[in-house]
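2 protein chains.
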Amino acid sequence: MSETDTHGLQRRLRLSAAAEDSPVFPQDRFDAWLAGRSAERFRVSRVPFADLEQWSFDSGSGNLRHRTGRFFSIEGLWTPADGQDAAQEYQPVIVQPEIGTLGILMKDFGGVPHFLMQAKMEPGNVNTLQLSPTVQATRSNSARAHGGSTVRHLEFFAGHGPGGTGRGRVLLDVLQSEHGSYFLHKRNRHMVVETQEDIPEHEDFRWLTLGQIHRLLRRDHLVNMDARTVLSCVLPGAAGPAPAGSSFADAVLHSLSRSAAPRHSLPELMSWLTGVRTHARPPARPVPLRATAADGWLRGPDRLERRGGGPFTVVGARVEAPTREVPSWTQPLVEPTGTALSAFVTARLGGVLHVLVEARAEPGCLDGPELHPTVHCLPGGTHPLLDHVLGTPPSRVRYDVELSEEGGRFHHARCRNLMVEAEDAFPLDAPATHRWMTLGQLARLTGFGQYVSIQARTLLACAPAAV
Amino acid sequence: MSETDTHGLQRRLRLSAAAEDSPVFPQDRFDAWLAGRSAERFRVSRVPFADLEQWSFDSGSGNLRHRTGRFFSIEGLWTPADGQDAAQEYQPVIVQPEIGTLGILMKDFGGVPHFLMQAKMEPGNVNTLQLSPTVQATRSNSARAHGGSTVRHLEFFAGHGPGGTGRGRVLLDVLQSEHGSYFLHKRNRHMVVETQEDIPEHEDFRWLTLGQIHRLLRRDHLVNMDARTVLSCVLPGAAGPAPAGSSFADAVLHSLSRSAAPRHSLPELMSWLTGVRTHARPPARPVPLRATAADGWLRGPDRLERRGGGPFTVVGARVEAPTREVPSWTQPLVEPTGTALSAFVTARLGGVLHVLVEARAEPGCLDGPELHPTVHCLPGGTHPLLDHVLGTPPSRVRYDVELSEEGGRFHHARCRNLMVEAEDAFPLDAPATHRWMTLGQLARLTGFGQYVSIQARTLLACAPAAV
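The listed protein sequences correspond, in order, to chains A and B.
Taken in order, the first sequence gives residues 232 to 698; the numbers are from my numbering.
Taken in order, the second sequence gives residues 232 to 698; the numbers are from my numbering.
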């Protein structure tokens, strides 16, 4: 959340987070409502690349593109050698230069802020239907908004551009990165807009408090990536000093607040990150998809995959959605080969909960290394601190939920998200790659682009759901 | 300057800015000192491309590269059509993925902060010798720093990376963009480090107060680009309310401070910029230099230039520096075809000085549109508000100094920098492309990367020199 006049908002967000239920839409009606959204209307099946309509591999570059050049393409990405240990690397990458809008509408009911959430289907979603922001729109949708768009509620999020006259009060409006292991320089516009208008009811939308959403964040594959990343920018935070011997949940709320005393000042942390960025390996560059064969990426009739195994494959899919305007289409999807893992190791330093943050580059990130969870592993990957996380005794595991990535591009991209309390044996002297930060310090940096990675933002959004 | 604990620093920077002279190095000795640095030791002459040693045009791509792949290269840049008015465009671009370090050392003398500035020669500098930061170093220099580097004082700026132990206190450490019309995704690390150590004297270095530097910023082609961009991040700001009917200089100091009441809040301005970024044309991509022929960029024996005229050409140069370790070398230089222009139009809104800022993309910028001066024109270019600036009566022109760009890559790249007070006829309702901001709002955003363009940062650094 940006700097100016956030005090009143923080207080209101605390109210909303404290409301674990609401008369506006009682939590015990949630499951019936979601079940009524009828995921059966959507069916996804694999097809060989040859059966993709409108999509084809370019004869020169080998890139997989839509006939119109729209939507996205699968190209190659080349990461140069770093001049020391790391050799050059090639991998396929999703190129989608348009900036999407992820927007959540906020409104007071009975003095408590509620957020308008949508039950939305995406072809690659685990469980098909997930809880999503009020709006997920592409730039093309967004540009058409004034001329009458088919994306409901978009008018609240599209008018703040050049010359626009928005409706409602903008609380948050920032570009944030998406997965740099899969996307080239992808960014999304994150918005939270407060309204006092009467919003017509619709069966796919419900108003929920932060407290209700946090309860839903304890369930596997329910709150989607787009919702999580916007929610990571509207976090509550307790007022006042840290209560001694407080619960983990209370320690999280205190760590999110401005009054939490951090181990390192924000300028010190920024200097550390700037240093890591300065000495990082040179940025990756797009190359023809064909060039990724140098690293064993080969295309068969059904999939593009890495010989000997890799974190993902690219497949063709047919999507059937009989009740939609376009009842059926084909498209490529990126399919991870297993479950990823993201974990924050936490420790109370000087009585204040800190998380251990890693500064790490992913090949497709725009601005070099970003702040990541303590441990983030792609499927099949490893990490020096992974054993610490996996060896944490159950009594110290405070959050352990499997969530999934955006179902419009990914097929069943699962990630296990963990928050654990460091054991006594855990080394509190951070390695050069890591620093201890309060959750509030991370949260402040989400007000600016390209600092906090999407994996860390997901854990930040989930932190108030830890118990 | 970052957020935390800037209050004491602001007060000290005000002291330094108020000191227009100093017993440490009296201002009246400056010219003799600079003349004694003997620019005659450096001679630059044009050579045909065929006479460039180690540099050649790649037979496939046409890119101009060093044999080792080091330093930088000249490649092509393709900007896609925007789907509305603007057609696709090709141009040559400097590709230099390494992050350079620009660092200034600060130290108290008699309770007043002084800054260690260097008289430094660059082949393409106007007047050869200009006032530079304590350190200008490439990443390769910087990585070698602990092993004994030839760059004097680098040890103060190189140790803050991963695992390093820096000397002194880091006041500022942020990556900032460089000219997006010439460079692809170029960024530099900006650092200000305070020390209490005794620094050995050296004939090329002198300690100056901010007040002394501001006086030197009133002279053409004296303070170099690297110094200006670091100085834009360490600005003084008056404490207390705006004095009614104050001088322009006092209004600048007040506008730089936190107490200045802005027309728009920072979150509102960030939302406007995010909107402009979201609706900007798709990002440019590197292409072979050969491809720029499509827009008329053709290579002759002596220069690469655009048929029908363009803002710059690329030439070959031989540099002779008999007193250096390497007494002579050849390299390409980018040579603008005329003088660029940057101007801030200012107005007092609610008694507070504001500058009119444009959100505008340059093809090579990393993160889309940045905040630019009211008007910025490349040589031969134009701008809807240019006539307003050029028609300003002399009594309202508060700053008018010609400065130049980095002489390691550019040959005599001149830019006229202006700050003018808006005439009564000037439209105070900003167009969609522009917003009024206080100088302090701009200054706060220089604590983060990719928000304030280098042209705006130069004017920000020069603002305290306006009269």
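Where is the CB? At the ideal position from N, CA and C, for every residue including glycine.
Reference residue i; option with closest CA among the options
{"i": "Pro513 of chain A", "options": "B:Lys417, B:Arg579, B:Asp481 and B:His421", "result": "B:Lys417"}
{"i": "Arg629 of chain A", "options": "A:Val588, A:Trp560, A:Ala578 and A:Glu601", "result": "A:Ala578"}
{"i": "Phe495 of chain A", "options": "A:Leu535, A:Gly581 and A:Ile444", "result": "Just to set this straight, residue 495 of chain A is His in the shown sequence, not Phe. Answer by Cα proximity: A:Gly581."}
{"i": "Glu409 of chain B", "options": "B:Pro610, B:Ala687 and B:Met348", "result": "B:Ala687"}
{"i": "Cys693 of chain B", "options": "B:Leu487, B:Trp309, B:Leu616 and B:Ala663", "result": "B:Leu487"}
{"i": "Asp339 of chain B", "options": "B:Val255, B:Trp309 and B:Trp264", "result": "B:Val255"}
{"i": "Glu601 of chain A", "options": "A:Thr332, A:Arg530, A:Thr365 and A:Gly506", "result": "A:Gly506"}
{"i": "Phe346 of chain A", "options": "A:Val424, A:Asn356 and A:Ala368", "result": "A:Val424"}
{"i": "Pro532 of chain A", "options": "A:Phe280, A:Arg516, A:Trp286 and A:Leu453", "result": "A:Phe280"}
{"i": "Ala480 of chain A", "options": "A:Leu462, A:Gly638, A:Val583 and A:Leu504", "result": "A:Val583"}
{"i": "Glu637 of chain A", "options": "A:Met650, A:Ala663 and A:Pro364", "result": "A:Pro364"}
{"i": "Ala656 of chain B", "options": "B:Arg640, B:His619, B:Gly678 and B:Ala674", "result": "B:His619"}
{"i": "Val382 of chain A", "options": "A:Phe414, A:Gln427, A:Gly291 and A:Asp435", "result": "A:Asp435"}
{"i": "Ser684 of chain A", "options": "A:Arg640, A:Ala473 and A:Ser463", "result": "A:Ser463"}
{"i": "Leu504 of chain A", "options": "A:Ser253, A:Cys646, A:Gln315 and A:Tyr682", "result": "A:Tyr682"}
Distance CB(residue i)-CB(residue j) smaller than 8 Å
{"i": "Ile330 of chain B", "j": "Ile305 of chain B", "result": "no"}
{"i": "Thr669 of chain A", "j": "His585 of chain A", "result": "yes"}
{"i": "Thr359 of chain A", "j": "His421 of chain A", "result": "no"}
{"i": "Val278 of chain B", "j": "Thr561 of chain B", "result": "yes"}
{"i": "Thr689 of chain B", "j": "Ser573 of chain B", "result": "yes"}
{"i": "Leu617 of chain A", "j": "Val606 of chain A", "result": "yes"}
{"i": "Arg446 of chain B", "j": "Gln258 of chain B", "result": "yes"}
{"i": "Leu484 of chain A", "j": "Gly468 of chain A", "result": "yes"}
{"i": "Pro610 of chain B", "j": "Thr570 of chain B", "result": "yes"}
{"i": "Glu320 of chain B", "j": "Thr332 of chain B", "result": "no"}
{"i": "Arg370 of chain B", "j": "His510 of chain A", "result": "yes"}
{"i": "Leu182 of chain A", "j": "Asp598 of chain B", "result": "Any answer about residue 182 of chain A is impossible in this case: the structure gives chain A only from 232 up to 698."}
{"i": "Leu497 of chain A", "j": "Arg675 of chain A", "result": "yes"}
Residue i - containing beta strand (DSSP E), residue span
{"i": "Leu535 of chain A", "result": "Arg534 to Arg537"}
{"i": "Gln361 of chain B", "result": "Leu360 to Ser363"}
{"i": "Gly582 of chain A", "result": "No beta strand (DSSP E) contains Gly582 of chain A, which DSSP labels as neither H nor E."}
{"i": "Glu601 of chain A", "result": "Glu601 to His603"}
{"i": "His607 of chain A", "result": "Val606 to Cys608"}
{"i": "Ala368 of chain A", "result": "Val366 to Ala368"}
{"i": "Ile782 of chain A", "result": "Outside the displayed span of chain A (232 to 698) sits residue 782 of chain A, for which this structure offers no information."}
{"i": "Ile305 of chain B", "result": "Ser304 to Thr310"}
{"i": "Gln562 of chain B", "result": "Ser559 to Pro567"}
{"i": "Asp631 of chain A", "result": "Val628 to Ser635"}
Nonlocal neighbours in the same chain, by C-beta distance under 7 Å from residue i, ignoring five residues either side
{"i": "Leu500 of chain A", "result": "Arg666, Met668 and Gln672"}
{"i": "Ala249 of chain A", "result": "Gly442"}
{"i": "Gly527 of chain A", "result": "Arg537, Arg538 and Gly539"}
{"i": "Glu251 of chain B", "result": "Gly442, Gln443 and Arg446"}
{"i": "Ala515 of chain B", "result": "Leu308, Trp309, Thr310, Pro594 and Gly595"}
Own chain residues within Cβ distance below 6 Å of residue i, not counting five before or after
{"i": "Ser247 of chain B", "result": "Val343, Pro344, Thr440 and Leu441"}
{"i": "Glu652 of chain B", "result": "Thr577 and Arg627"}
{"i": "Gln327 of chain B", "result": "Phe303 and Lys417"}
Run of the alpha helix (DSSP H) containing residue i, from where it starts to where it stops
{"i": "Asp262 of chain B", "result": "Phe261 to Gly267"}
{"i": "Pro498 of chain B", "result": "Leu497 to Thr509"}
{"i": "Val461 of chain B", "result": "Met456 to Leu462"}
{"i": "Thr689 of chain A", "result": "Ile685 to Cys693"}
{"i": "Gly671 of chain B", "result": "Leu670 to Leu676"}
{"i": "Arg446 of chain B", "result": "Leu441 to Leu447"}
Same chain, Cβ closer than 8 Å to residue i, five either side skipped, listed in chain order
{"i": "Val545 of chain B", "result": "Leu295, Ile305, Pro323, Arg534, Leu535, Glu536, Pro563, Leu564, Val565 and Glu566"}
{"i": "Ala548 of chain B", "result": "Val275, Ser276, Arg277, Val278, Pro354, Gly355, Thr561, Gln562, Pro563, Leu564 and His642"}
{"i": "Pro624 of chain A", "result": "Glu654"}
{"i": "Pro558 of chain A", "result": "Glu551 and Ala552"}
Cβ-heavy atom distance, residue i to the ligand MN, below 7 Å
{"i": "Arg268 of chain A", "result": "This structure simply doesn't include the ligand MN, nor any ligand for that matter."}
Report the residues of the stretch 656-675 of chain A with a CB closer than 7 Å to any CB of chain B, ordered along the chain. Ala663 and Thr664
Using a Cβ-Cβ cut-off of less than 8 Å, give me the residues of the stretch 464-495 of chain A that come near chain B, in sequence order. none
Residues from the stretch 587-603 of chain A in contact with chain B, defined by Cβ distance under 7 Å: Leu597 and Asp598
Taking any Cβ of chain B, which residues in the stretch 320-346 of chain A have a Cβ under 8 Å from it, in chain order? Pro328, Glu329, Ile330 and Thr332
For the stretch 521-550 of chain A, list every residue whose C-beta sits within 7 Å of some C-beta in chain B, in sequence order. none
Residues of the stretch 350-361 of chain A with Cβ closer than 8 Å to any Cβ of chain B, in chain order: none
Using a Cβ cut-off of 7 Å, which residues of the stretch 276-291 of chain B contact any Cβ in chain A, in chain order? none
Contact set between the stretch 245-261 of chain A and chain B, restricted to residues whose Cβ is under 7 Å from the partner: none
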